[in-house]
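These notes concern the structure reproduced below.
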Amino acid sequence: MTDHPSPSNLAVLSALAEPNRLAIVSLLREGPRAVGDIAARIEIAQPHASRHLRILADAGLVSARREAQSRIYRLERSPFASLENWLDTFSAVWEERADRLGDYLEHLDEDSSDTRRQEGTS
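Per this note's numbering, the very first residue in the sequence shown carries number 1; after that it's consecutive.
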């Protein structure tokens with residue numbers, strides 16, 4: 001199990017920590033879009049959208065292709081898969097802790113039942 005995120009996961013988390021970039025990623029889940037459409041949909045100036053898209057691209061989250069006069073951006077799966085794998089390590093830890101808590105509570109319930117039986121026979 002990896003305790004710390006990889007440098008690429010840190011870049012992804014850092015890129016997603018900004019609300020406009022997170023909005024762009026959410027929008028791109030619907031499919032590829034031109035930078036002008038992205039800017040209009042999240043209500044920011046196109047130069048700001050381009051700057052955010054460059055940061056997302058540097059983190060590997062999006063890629064672009066030129067189509068006539070536009071750049072069309074789309075999400076890349078790989079960084080999300082890597083981040084998901086790292087986050088899954090936390091699920092395993094919490095599941096293990098929940099199992100141990102369940103065992104402990106079951107043990108307490110058994111002890112409580114034994115105590116009630118002993119008190120009833122005294």
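Where is the CB? At the ideal position from N, CA and C, for every residue including glycine. Quick caveat, the model's predicted, so the values are computed rather than measured.
Bridge-paired residues (DSSP) for residue i
i	result
Pro110	In the sequence as presented, Pro is not what sits at residue 110; that position holds Glu. None, per the DSSP bridge assignment.
Val62	Leu75
Segment limits, alpha helix (DSSP H) that includes residue i
i	result
Ser26	Pro19 to Leu28
Ser50	Gln46 to Asp58
CB contact flag (residue i, residue j, <8 Å)
i	j	result
Ala39	Ser70	no
Leu16	Leu22	yes
Leu53	Val25	no
Ile72	Pro47	no
Trp94	Pro5	no
Reduced DSSP secondary structure (H/G/I, E/B, other) of residue i
i	result
Leu75	strand
Ser14	helix
Ala34	strand
Pro7	helix
Leu43	Note that residue 43 corresponds to Glu in the displayed sequence, not to Leu. Here Glu43 sits in coil by DSSP.
Glu119	helix
First through last residue of the beta strand (DSSP E) which encompasses residue i
i	result
Ala68	Premise fails: Ala68 is in no beta strand (DSSP E) and is neither H nor E.
Chain B within 8 Å of residue i, Cβ atoms only
i	result
Ala11	Note that chain B does not occur in the displayed structure, where there is just one protein chain.
May I ask you to verify whether the segment 9 to 17 touches the segment 55 to 63, counting CB pairs closer than 8 Å and requiring at least 3? With the cut-off at 8 Å, the segment 9 to 17 and the segment 55 to 63 touch.
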